[in-house]
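Under numbering that gives the first Met the number 0, the first residue of the sequence shown is numbered 0, with each subsequent residue one higher. These notes concern the structure reproduced below.
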Amino acid sequence: MSGVMVLVEHRRGEIREITWEMLAKAQELSSSLGVEVQAVLIGRGLSGMAQELRPFCHRVLVAEEEGLEAFNSEPYQQVLGRLIEERRPVLLMIGHTAQGMDLAPSLAAALDLPLATDCYEFGLKDGRLWAHRQMYGGKLSAEVSSEAPTKVVTVRTGSFDPEGLREVGGEVEEIKVRLDPFPWKRFLEYVEAPPGEVDITQAEVIVSVGRGIGGPENLGLAEELARALGGVLACSRPVADKKWLPKDRQVGTSGKTVKPKLYIALGISGAFQHIVGMKQSGLILAINKDPKAPIFQVAHYGIVGDLFQVVPALVAKVRERKGG
Ligand SMILES: Cc1cc2nc3c(=O)[nH]c(=O)nc-3n(C[C@H](O)[C@H](O)[C@H](O)COP(=O)(O)OP(=O)(O)OC[C@H]3O[C@@H](n4cnc5c(N)ncnc54)[C@H](O)[C@@H]3O)c2cc1C
């Protein structure tokens with residue numbers, strides 16, 4: 000039966016948050032289209048995860064086989080290719096994550112299916128897919144569409160709220176896997192980042208610096224503000240890439256997700272990869288000299304100005320309030 004398929008993303012025995020986000024969207028589409036939500040779970044030792052998923056899908060399609068222990072786009076593509084040919088879903092959702100970016104383009108190309116990547120909103124109307132995606136660092140939104148019977152979308156993390164997931168009480172179905180014997184890329188091992196001195200995920204106040212800080216010689220300014228507020232320093236990816244701050248201070252899709260009471264973004268443009276990691280913060284203050292910077296779309300308060308003028312004024316104000 001045709002349905003909305005969600006590829007379950009999991010790592011080291013744990014279902015990743017993007018899966019629940021996609022299932023929330025799949026449930027919404029399934030209600031309006033009257034089709035099944037089908038979760039596709041590929042790997043080894045999957046019974047626990049299958050049971051975890053089952054209440055929220057009409058069907059959990061489980062594909063277990065030796066060699067599928069860790070994500071590998073080539074055998075994943077084979078499993079999904081066969082499933083799509085047999086079951087013809089109206090839509091396949093894959094997370095726009097490192098795994099999804101590896102898998103989705105080659106899968107879509109091999110099956111000649113339309114692919115819309117990095118979508119933050121989409122729907123189906125009369126069989127036609129419409130999908131919204133941002134371009135040019137979030138300054139432009141584009142709508143793409145397709146009328147093909149089966150479409151593939153990769154879904155931006157943080158776009159859908161899994162809080163509203165309903166129990167639909169589904170079933171688990173084992174899928175027979177036949178993998179072609181060709182030389183796969185081989186998974187070797189997971190490498191954990193070494194623990195740093197400061198855990199930004201636990202901080203209540205974060206002062207986060209972006210490329211706008213100009214260079215490591217200016218970090219002292221941000222540090223002063225962090226100290227005045229009893230907070231810690233974090234950063235956007237370019238700052239970590241340039242080694243102005245250690246990698247464990249990076250916020251975003253390829254860094255950490257933080258949820259402090261107060262997040263101050265200094266000279267950060269607000270690319271979605273950064274926003275995803277901090278948008279749950281209690282209060283967001285952005286300081287940026289570009290009034291059109293996308294960070295202002297998520298900030299509760301914004302100051303359009305030069306951080307080198309604004310930050311010293313802020314530090315002075317905080318100290319004055321604290322009486323020192
Ligand atoms: C696969 C992938 C994963 C990624 N993961 C992450 C991630 O985890 N985290 C992350 O942050 N990024 C990530 N990125 C990078 C992301 O796309 C952006 O490039 C990055 O977030 C931009 O960092 P920025 O805002 O510091 O720099 P820029 O985009 O260069 O912005 C600098 C900002 O500073 C402002 N500015 C300059 N000077 C001043 C001044 N004197 N006063 C005030 N404002 C000033 C400018 O107006 C500008 O808005 C990822 C990208 C990819 C492709």
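Note that CB positions come from ideal geometry on N, CA and C, so glycine has one too. Nothing here was measured: the structure is a model prediction, and the numbers come from that model.
Checklist entry - Hey, which residues come within less than 5 Å of ligand 1, measuring from Cβ to any heavy atom, in chain order? => result Gly209, Arg210, Gly211, Ser235, Arg236, Pro237, Gly251, Thr252, Ser253, Gly254, Gly266, Ile267, Ser268, Ala270, Gln272, His273, Asn287, Lys288, Asp289, Ala292, Asp305 and Leu306
Checklist entry - What distance in whole Å lies between the Cβ atoms of Leu52 and Tyr75, which are believed to be in contact at a cut-off of 8 Å? => result That pair is no contact at about 17 Å.
Checklist entry - Buried or exposed: where does Asp117 fall if 16 or more other Cβ atoms within 10 Å of its Cβ makes it buried? => result buried
Checklist entry - Taking the C-alpha atoms as reference points, what is the distance between Asn71 and Ala202? => result 35 Å
Item to check | Integer Cβ distance of Ile83 from Thr149, believed to fall under 8 Å | outcome: 6 Å
Next on the checklist: Runs of 4 residues minimum, wholly inside the region 254-318: which ones carry the alpha helix (DSSP H) assignment?
Outcome noted: 271-274 and 294-297
Next on the checklist: Between Leu228 and Val204, how many whole angstroms is the CB-CB distance? I'm expecting something under 8 Å.
Outcome noted: 5 Å
Item to check | Same chain only: Cβ atoms within 7 Å of Arg87, ignoring 5 sequence neighbours per side | outcome: Ser1, Pro148 and Thr149
Next on the checklist: By alpha-carbon positions, which one of Leu313, Asp240 and Ile93 ends up nearest to Gly209?
Outcome noted: Asp240
Checklist entry - Who are Lys124's beta bridge partners in DSSP? => result Arg127
Item to check | Residue environment, Glu68, which counts as buried when at least 16 other CB atoms sit within 10 Å | outcome: exposed
Item to check | 6 Å CB neighbourhood of Leu6 in its chain, flanking five on each side removed | outcome: Val39 and Ile93
Next on the checklist: With H, G and I counted as helix, E and B as strand and the rest as coil, what does DSSP make of Ser158?
Outcome noted: coil
Next on the checklist: With the cut-off set at 8 Å, would you say Lys175 and Glu73 are in Cβ contact?
Outcome noted: no
Checklist entry - Looking at the C-beta of Val34, does it have a partner C-beta in chain B at a distance below 8 Å? => result Reference to chain B is not applicable here, since this structure consists of a single protein chain.
Item to check | Assigned exposure category for Leu187 - 16 Cβ within 10 Å defines buried | outcome: exposed
Checklist entry - Which residues in the same chain have their Cβ closer than 8 Å to the Cβ of His299, if we skip the five residues on either side of it in sequence? => result Leu282, Ile283 and Leu284
Next on the checklist: Measuring straight from C-alpha to C-alpha, what distance separates Pro193 and Arg10?
Outcome noted: 19 Å
Checklist entry - Ends of the beta strand (DSSP E) at Ala141? => result Leu139 to Ser145
Next on the checklist: Distance check for Ala270 and Glu8, CA to CA, integer angstroms please.
Outcome noted: 23 Å
Next on the checklist: As a quick exercise: from Glu216, Leu218 and Ser207, pick the residue whose alpha carbon is nearest that of Val262.
Outcome noted: Checking the sequence, you will find Tyr at residue 262 rather than Val. Ranking Glu216, Leu218 and Ser207 by Cα distance to Tyr262 puts Ser207 first.
Next on the checklist: Less than 6 Å between C-beta atoms, sequence neighbours within five positions excluded: which residues of the same chain meet that for Gly157?
Outcome noted: Val275
Checklist entry - Just how far apart, CA to CA, sit Ser29 and Gly169? => result 13 Å
Checklist entry - Span of the beta strand (DSSP E) holding Ser207? => result Val204 to Val208
Checklist entry - For the alpha helix (DSSP H) that Arg226 lies in, which residues bound it at each end? => result Leu218 to Leu228
Item to check | Bridge partner(s) assigned by DSSP for Thr153 | outcome: Ile93
Next on the checklist: Give me the DSSP bridge partner(s) of Ile174.
Outcome noted: None, per the DSSP bridge assignment.
Checklist entry - Glu319 to Gly230, Cα distance in whole Å? => result 17 Å
Item to check | Inter-residue spacing [alpha-carbon to alpha-carbon] between Cys234 and Ala49 | outcome: 37 Å
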